[in-house]
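A quick write-up on the structure given underneath.
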Amino acid sequence: MSSVFGKVARVGRKLLLEREGPLTRELLQEPTKFGLGRMPPKLAPESTTTMVCGFCSTGCGLEVLLKSGEAVGLTPSPDHPVNIGMACPKGWEALAPLKGPGRAVKPMVKRDGKLTPVSWEEAIFEMVDRFRAIQEKHGKGAVAWLGTGQMPTEELAFLGALGKFGMGMIHGDGNTRQCMATAAVAYKEAFGFDAPPFTYADFEESDVIVLVGSNLCIAHPIMWERICRNKHEPEIVVIDPRLTETAMAAQHHYAIRPKGDLTLLYAVAQELIAQGWVDHAYVEAHTSGYEQFARSVAGFTLERAEADTGISAARIAQLARMIHDGKRVSFWWTMGVNQSHEGTRTAQAIIALALMTNNIGRPGTGANSVTGQCNAMGSRLFSNTTNLLGGRSFADPDDRAEVARLLDIDVERIPSQSSLAYDQIIEGVLSNKIKALWIVATNPAHSWINQSHLTEALGRLDCLVVQDMYVDTETALLADIMLPAAGWGEKEGTFINSERRIGVIKRVVKAPGEALADFHIFRLLAEAWGCGSMFAEWTSPEAVFQILKRLSAGRPCDITGIEDYAALDRVGGIQWPLPEGRALEDNQRRLFADGRYFTSDERARFLFQEPRPLPEPTSRAYPLLLLTGRGSSSQWHTQTRTKRSEVLRRLAPSELYVELSPADAKQLAIEPDEMVTVASQRARIRARAFVTHAVKPGEVFIPMHYEVMNRLTFAAFDPYSRQPAYKACAVRINKLEPSDR
Ligand code: SF4
Numbered sequence: 197m198s199s200v201f202g203k204v205a206r207v208g209r210k211l212l213l214e215r216e217g218p219l220t221r222e223l224l225q226e227p228t229k230f231g232l233g234r235m236p237p238k239l240a241p242e243s244t245t246t247m248v249c250g251f252c253s254t255g256c257g258l259e260v261l262l263k264s265g266e267a268v269g270l271t272p273s274p275d276h277p278v279n280i281g282m283a284c285p286k287g288w289e290a291l292a293p294l295k296g297p298g299r300a301v302k303p304m305v306k307r308d309g310k311l312t313p314v315s316w317e318e319a320i321f322e323m324v325d326r327f328r329a330i331q332e333k334h335g336k337g338a339v340a341w342l343g344t345g346q347m348p349t350e351e352l353a354f355l356g357a358l359g360k361f362g363m364g365m366i367h368g369d370g371n372t373r374q375c376m377a378t379a380a381v382a383y384k385e386a387f388g389f390d391a392p393p394f395t396y397a398d399f400e401e402s403d404v405i406v407l408v409g410s411n412l413c414i415a416h417p418i419m420w421e422r423i424c425r426n427k428h429e430p431e432i433v434v435i436d437p438r439l440t441e442t443a444m445a446a447q448h449h450y451a452i453r454p455k456g457d458l459t460l461l462y463a464v465a466q467e468l469i470a471q472g473w474v475d476h477a478y479v480e481a482h483t484s485g486y487e488q489f490a491r492s493v494a495g496f497t498l499e500r501a502e503a504d505t506g507i508s509a510a511r512i513a514q515l516a517r518m519i520h521d522g523k524r525v526s527f528w529w530t531m532g533v534n535q536s537h538e539g540t541r542t543a544q545a546i547i548a549l550a551l552m553t554n555n556i557g558r559p560g561t562g563a564n565s566v567t568g569q570c571n572a573m574g575s576r577l578f579s580n581t582t583n584l585l586g587g588r589s590f591a592d593p594d595d596r597a598e599v600a601r602l603l604d605i606d607v608e609r610i611p612s613q614s615s616l617a618y619d620q621i622i623e624g625v626l627s628n629k630i631k632a633l634w635i636v637a638t639n640p641a642h643s644w645i646n647q648s649h650l651t652e653a654l655g656r657l658d659c660l661v662v663q664d665m666y667v668d669t670e671t672a673l674l675a676d677i678m679l680p681a682a683g684w685g686e687k688e689g690t691f692i693n694s695e696r697r698i699g700v701i702k703r704v705v706k707a708p709g710e711a712l713a714d715f716h717i718f719r720l721l722a723e724a725w726g727c728g729s730m731f732a733e734w735t736s737p738e739a740v741f742q743i744l745k746r747l748s749a750g751r752p753c754d755i756t757g758i759e760d761y762a763a764l765d766r767v768g769g770i771q772w773p774l775p776e777g778r779a780l781e782d783n784q785r786r787l788f789a790d791g792r793y794f795t796s797d798e799r800a801r802f803l804f805q806e807p808r809p810l811p812e813p814t815s816r817a818y819p820l821l822l823l824t825g826r827g828s829s830s831q832w833h834t835q836t837r838t839k840r841s842e843v844l845r846r847l848a849p850s851e852l853y854v855e856l857s858p859a860d861a862k863q864l865a866i867e868p869d870e871m872v873t874v875a876s877q878r879a880r881i882r883a884r885a886f887v888t889h890a891v892k893p894g895e896v897f898i899p900m901h902y903e904v905m906n907r908l909t910f911a912a913f914d915p916y917s918r919q920p921a922y923k924a925c926a927v928r929i930n931k932l933e934p935s936d937r
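Position in the sequence shown (first residue = 1) + 196 = the working numbering.
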């Protein structure tokens, strides 16, 4: 066995040298060494303009270098309040995917089983005729859409308003369901509105930073850099089953059992109560439900938590003490929490810790959800899917009447029910209630949980319309009608980042062929559908921004004080809220400094629910738990864009790998770098074995970026947010059989 351990040791060294933590830091400090940010020699720029990045929710500011009005390169904006001169590899390479292969350049309609180029007019009228025929035969709800948090807010609002008010659809959802639905519901129930309270300056001002299910080093590298600028020598705590790059860099790693987080957080709450470390003055003045919460967590003793989470009682007590001793404690969570069968209550347990210790509304504090996509927050507020425009309720007649008045439309055009959630739309397809789908700028045939199920659903549709930048995504390949769309850099609008900052994107590259901005596709559709007059005011993204301002007036997300795009551009974006008449005195603002929340009694709510078992526990046949997550800072989700950049491809692992522990490798007689099979009850895939101490015995990890991965995952959902639980399902690993070779 010594040879196995020799190889394990070598892989371990390789891991430490090559894992993304140190690599990302080097990338950030010396980008040109890695081929990032090099200017083509003959293209000296003539001018620059600024815009925000179009990948993740960090919302970095970029300076785009222009020649003859076209982008020839970019560099991070040195004085942008978010990134202060830094960008991750995706930001540096943001222009490359626009020129990459596979762009959709012509509308196409399936004829004799093959997508065939047609005119825009033909494609749009074919879509309208088929959708209308389906609605007439099966009802308005038989046509639905799936959108994305990658589109600007103005386009999201247009899609949602056109789909529901114009075309009469009842159901539409977006890929924000896959990343942020849990945080949105958790905030709404606890604070009365989906309101992340923080500003990025809090990363630099905390003295204790608790990261739950968050691999910030590679998923949000610029946020990690903000932590590295913290001058208070913070205690950094990472709660994560894996020894992630972030866990390696932190002082304290709590390597919990998968989905042991809720029990751990309740035990920390109980320890704070038991030690008398609760700020009762704050709790009494600004919250409700504490007494019941305290009674509910009373049974979460350190001993019980040790047995359930694998973390010793002493270390759980130490975490409670760190929180108590900290003067400015901030809690941050991402997908390890959100993508869980009990994510909403887990997020609310984090919120409870912040409330009971008065760590909210002050610099360096907060219960802070870090968003995924560049415009997930815009989608949450204005996509008109689960919430009526501006965070309102479809079920509330007053809200419907207000939106009808603000948009000058007949109130009867606004459905009185919320959309089905993403998974329910897919179930609707499988039960023949939904017969047509319009999928805009997202790739569910790669990204949706239990992908075989999804692919079967798409195959049953009478009509699948895909609107995308690329013709070769797994979803586009199934389309009946393909509408070619412009991407980030080829159109205008605004994104809202994790800290509620609204930033501008601009058209700095001409879209290829006949590709159009999604905004213009929606205008064409409105005219063809016969509801163009309803959108007479929706003439440009900036005109829609003015409509959004109107829709936000008097709401927690009030942006009536932001004049226009130029005002946003001048100061590197503005966080909501900024009501009319209020000066922007500070561009790093947090919510709830006054302890007043958006609930009817202005109190934040404590919420509790007994932890539930994993939806798919391990068994004798499937003895390992599969964890999933981001693989590297060079890969974005389904790699639809990042795989088009040669530089980003070179910086990412070239093939699918599975991390497994040395103990499991030994037991299964698997050598490092050997090809193996990974099987769940749903599928069996091949992957290269990466033997590493980063995962514990009994757990394995596969990055999310490879399309076969979601054939394995088990479709369980948080009951409140309907967000899929991607993070844990049961699998087995085997050596390759001769028939697999
Ligand atoms: S951290 Fe996010 S926003 Fe910033 S450059 Fe990278 S992908 Fe773009």
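Quick reminder that beta carbons are idealized off the backbone N, C-alpha and C, glycines included.
{"Query": "Identify every run of the alpha helix (DSSP H) within the region 257-295, keeping only runs that are complete inside it and at least 4 residues long; order them along the chain.", "Result": "285-288, 292-295"}
{"Query": "Taking only the alpha-carbon atoms, compute the straight-line gap between Pro218 and Thr567 and give it to the nearest angstrom.", "Result": "Bear in mind that a pLDDT of 48 at Pro218, under 50, signals an unreliable position, so the model cannot answer this."}
{"Query": "Looking only at its own chain, which residues have a Cβ that is under 8 Å from the Cβ of Glu322, when we skip the five neighbours before and after it?", "Result": "Val305, Val314, Ile677"}
{"Query": "With the cut-off set at 7 Å, would you say Ile556 and Phe788 are in Cβ contact?", "Result": "yes"}
{"Query": "Can you give the beta carbon distance from Pro708 to Lys360, rounded, assuming they're within the 8 Å contact cut?", "Result": "Their Cβ separation, rounded to whole angstroms, is 31 Å, which puts Pro708 and Lys360 out of contact at 8 Å."}
{"Query": "For the ligand SF4, is there a heavy atom less than 6 Å away from the beta-carbon of Thr254?", "Result": "yes"}
{"Query": "Per DSSP, what kind of secondary structure is Pro218 in: helix, strand or coil?", "Result": "Per-residue confidence for Pro218 stands at a pLDDT of 48, beneath the threshold of 50, marking its modelled position as unreliable; the derived number appears in the next sentence. In this structure, Pro218 counts as helix in the three-state DSSP scheme."}
{"Query": "Are the CB atoms of Thr442 and Leu412 nearer to each other than 7 Å?", "Result": "yes"}
{"Query": "Just reading off the beta strand (DSSP E) that Gln663 is part of, what are its end residues?", "Result": "659-664"}
{"Query": "Is it buried or exposed for Val927, if we count other Cβ within 10 angstroms and need 16 for buried?", "Result": "buried"}
{"Query": "When you compare only the Cα positions, how much space is there between His958 and Arg422?", "Result": "Because residue 958 is not part of the residues shown, which for the chain are 197 to 937, the question remains open."}
{"Query": "Could you have a look at Ala353 and say whether DSSP puts it in helix, strand or coil?", "Result": "helix"}
{"Query": "If I'm right that Ile512 touches Leu468 with Cβ under 8 Å, what's the distance once you round it to whole angstroms?", "Result": "Contact flag wrong, Cβ pair sits at about 11 Å."}
{"Query": "Rank Arg719, Gln514, Ala300 by C-alpha distance to the C-alpha of Leu679 and give the top, closest one.", "Result": "Ala300"}
{"Query": "Check each candidate in Arg326, Ala591, Asp914, Asp619 and name the one with the smallest Cα separation from Glu608.", "Result": "Ala591"}
{"Query": "Tell me whether Leu544 sits in a helix, a strand or coil according to DSSP, three-state version.", "Result": "According to the sequence displayed, residue 544 carries Gln and not Leu. Residue state, collapsed to three classes: helix."}
{"Query": "Near Val493, which residues of its chain fall below 6 Å by C-beta distance, leaving aside the five closest residues on each side in sequence?", "Result": "Tyr462, Ala465, Gln466"}
{"Query": "For Lys286, verify whether its CB is less than 6 Å away from any heavy atom of the ligand SF4.", "Result": "yes"}
{"Query": "Taking the C-alpha atoms as reference points, what is the distance between Thr561 and Gly894?", "Result": "35 Å"}
{"Query": "My output table needs one value for Tyr818: the three-state DSSP class, helix, strand or coil.", "Result": "coil"}
{"Query": "I'd like to confirm the pairing. Which residues does DSSP put opposite Ile635 in its beta bridges?", "Result": "Leu342, Val662"}
{"Query": "From Arg719 to Tyr383, what does the alpha carbon distance come to, in whole angstroms?", "Result": "34 Å"}
{"Query": "Closer than 6 Å: is that where the CB of Phe251 sits relative to any heavy atom of the ligand SF4?", "Result": "yes"}
{"Query": "So what does Thr909 bridge to, in DSSP terms?", "Result": "Note: Thr909 sits in no beta bridge, so no partner."}
{"Query": "Using 7 Å as the threshold, is the C-beta distance between Ser876 and Leu908 below it?", "Result": "yes"}
{"Query": "Counting only the same chain and skipping the five closest in sequence on each side, list residues whose C-beta sits under 6 Å from that of Arg840.", "Result": "Pro293, Gly296"}
{"Query": "Within the same chain, show all residues whose beta-carbon is closer than 6 Å to that of Ala817, passing over the 5 residues directly before and after it, in chain order.", "Result": "none"}
{"Query": "Would you check whether the ligand SF4 has a heavy atom nearer than 6 Å to the C-beta of Ile423?", "Result": "no"}
{"Query": "Which two residues bound the contiguous alpha helix (DSSP H) that contains Cys375?", "Result": "372-375"}
{"Query": "Would you report the Cα separation of Cys284 and Thr271, rounded to the nearest angstrom?", "Result": "11 Å"}
{"Query": "To test your reading of the DSSP string, which unbroken alpha helix (DSSP H) runs of 4 or more residues are found completely within the region 827-895?", "Result": "842-847, 858-863"}
{"Query": "Quick check: the region 799-810 against the region 484-502, are there 3 or more CB pairs under 8 Å?", "Result": "yes"}
{"Query": "If contacts are defined as beta-carbon pairs under 8 Å, then Asp308 and Thr540 qualify, I think. What distance do you get, rounded to the angstrom?", "Result": "The Cβ separation is near 48 Å, so there is no contact."}
{"Query": "How many angstroms separate the CA atom of Gln488 from the CA atom of Met531?", "Result": "28 Å"}
{"Query": "Nearest-angstrom Cα distance between Met365 and Glu623?", "Result": "17 Å"}
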